[in-house]
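Here's the structure, in structure tokens; my notes come after.
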Amino acid sequence: EPEVTQTPSHQVTQMGQEVILRCVPISNHLYFYWYRQILGQKVEFLVSFYNNEISEKSEIFDDQFSVERPDGSNFTLKIRSTKLEDSAMYFCASSPYTETGTRTFGSGTRLTVV
Amino acid sequence: TQLLEQSPQFLSIQEGENLTVYCNSSSVFSSLQWYRQEPGEGPVLLVTVVTGGEVKKLKRLTFQFGDARKDSSLHITAAQPGDTGLYLCAGAPTGANNLFFGTGTRLTVIP
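See below:
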């Protein structure tokens with residue numbers, strides 16, 4: 042069964058450093074998303090991406106965040122200068138047709154900012 | 045922010061018992077999904093409901109979308125330890141293209 046792949050599974054970084062979280066969505070999907078889940082809290086939407094541009098973003102997704110689809114397969118989330126409160130599980134998801142269609146989630150990257 | 049409240053937040057029951065989890069909002073949703081999440085994993089889709097009043101069954105799980113498309117319920121019959129996990133509802137509000145997650149219900153089924 043096709044799956045969304047995220048790397049790394051766990052990343053530890055120092056406060057102020059830049060991190061790039063990587064995702065390989067399902068190959069025939071057109072919509073891509075990043076969500077985050079702070080430990081013990083609910084899953085929060087960050088950004089959606091379609092046709093090589095951001096289609097929607099939340100208030101969490103400020104200037105410190107950016108997304109990119111550098112080639113035909115990868116979808117990345119960059120945090121420019123990490124803060125302690127960026128520590129969370131970051132989930133990538135993709136969906137095939139419409140933005141409200143079925144989303145398939147990756148297993149996540151646990152980001153720990155120290 | 046579209047708020048989806050789930051109740052109960054925590055539920056611990058004995059194997060074989062039935063249970064119902066509720067997902068409520070003041071907003072109308074064009075579709076609503078239920079996910080299950082295991083520790084350290086991403087949410088896994090269980091079902092999508094799109095029509096008010098719709099009922100879908102997945103083995104021992106029954107999902108219902110409210111007539112007004114503002115709420116949903118998940119009913120599990122004869123719960124098993126393998127049903128243990130975090131159950132999340134997520135809705136796509138009418139007129140918006142995104143998916144907002146509920147607060148989650150953590151279910152523990154005791155053998």
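Chains A and B are the protein sequences, given in the same order.
Heads up, the final residue of the first sequence is numbered 155 in our numbering, and it's a clean run with no missing numbers.
Heads up, the final residue of the second sequence is numbered 155 in our numbering, and it's a clean run with no missing numbers.
In this text, a Cβ means the ideal position worked out from N, Cα and C, and glycines have one as well.
Near the ligand HEM: residue i beta-carbon under 7 Å from a heavy atom
i, result
"residue 78 of chain B", "Only the bare structure without any ligand can be found here, which leaves the ligand HEM out of the picture."
Cβ of residue i within 8 Å of any chain A Cβ
i, result
"residue 97 of chain B", "no"
"residue 110 of chain B", "no"
"residue 142 of chain B", "yes"
"residue 49 of chain B", "no"
"residue 145 of chain B", "yes"
"residue 59 of chain B", "no"
"residue 149 of chain B", "no"
"residue 86 of chain B", "yes"
Cross-strand partners of residue i (DSSP beta bridge)
i, result
"residue 115 of chain B", "B:68"
"residue 95 of chain A", "A:90"
"residue 99 of chain B", "B:108"
"residue 146 of chain B", "Answer is none; residue 146 of chain B lacks a bridge partner."
"residue 154 of chain A", "A:54"
"residue 107 of chain A", "A:119"
"residue 121 of chain B", "Answer is none; residue 121 of chain B lacks a bridge partner."
"residue 135 of chain B", "B:76, B:144"
Contact belief for residue i with residue j at Cβ below 8 Å, rounded distance in angstroms
i, j, result
"residue 154 of chain B", "residue 56 of chain B", "7 Å"
"residue 38 of chain A", "residue 45 of chain A", "Since the first residue of chain A shown is 42 and the last is 155, residue 38 of chain A is not available in this structure."
"residue 112 of chain B", "residue 60 of chain B", "That belief does not hold up - the Cβ atoms of residue 112 of chain B and residue 60 of chain B are roughly 33 Å apart, past 8 Å."
"residue 127 of chain A", "residue 154 of chain A", "5 Å"
"residue 134 of chain B", "residue 79 of chain B", "6 Å"
Burial state of residue i, where buried means 16 or more other Cβ atoms lie within 10 Å
i, result
"residue 93 of chain B", "buried"
"residue 74 of chain A", "buried"
"residue 85 of chain A", "buried"
"residue 80 of chain A", "exposed"
"residue 115 of chain B", "buried"
"residue 50 of chain B", "buried"
"residue 138 of chain A", "exposed"
"residue 68 of chain A", "exposed"
Endpoints, the beta strand (DSSP E) within which residue i is located
i, result
"residue 163 of chain A", "One cannot answer for residue 163 of chain A here, as it falls past the ends of chain A, which runs 42 to 155."
"residue 78 of chain A", "72-78"
"residue 57 of chain B", "54-58"
"residue 116 of chain A", "116-120"
Below-8 Å beta-carbon distance, residue i vs any chain B residue
i, result
"residue 147 of chain A", "yes"
"residue 132 of chain A", "yes"
"residue 108 of chain A", "no"
"residue 114 of chain A", "no"
"residue 128 of chain A", "no"
"residue 97 of chain A", "yes"
"residue 121 of chain A", "no"
"residue 63 of chain A", "no"
"residue 77 of chain A", "no"
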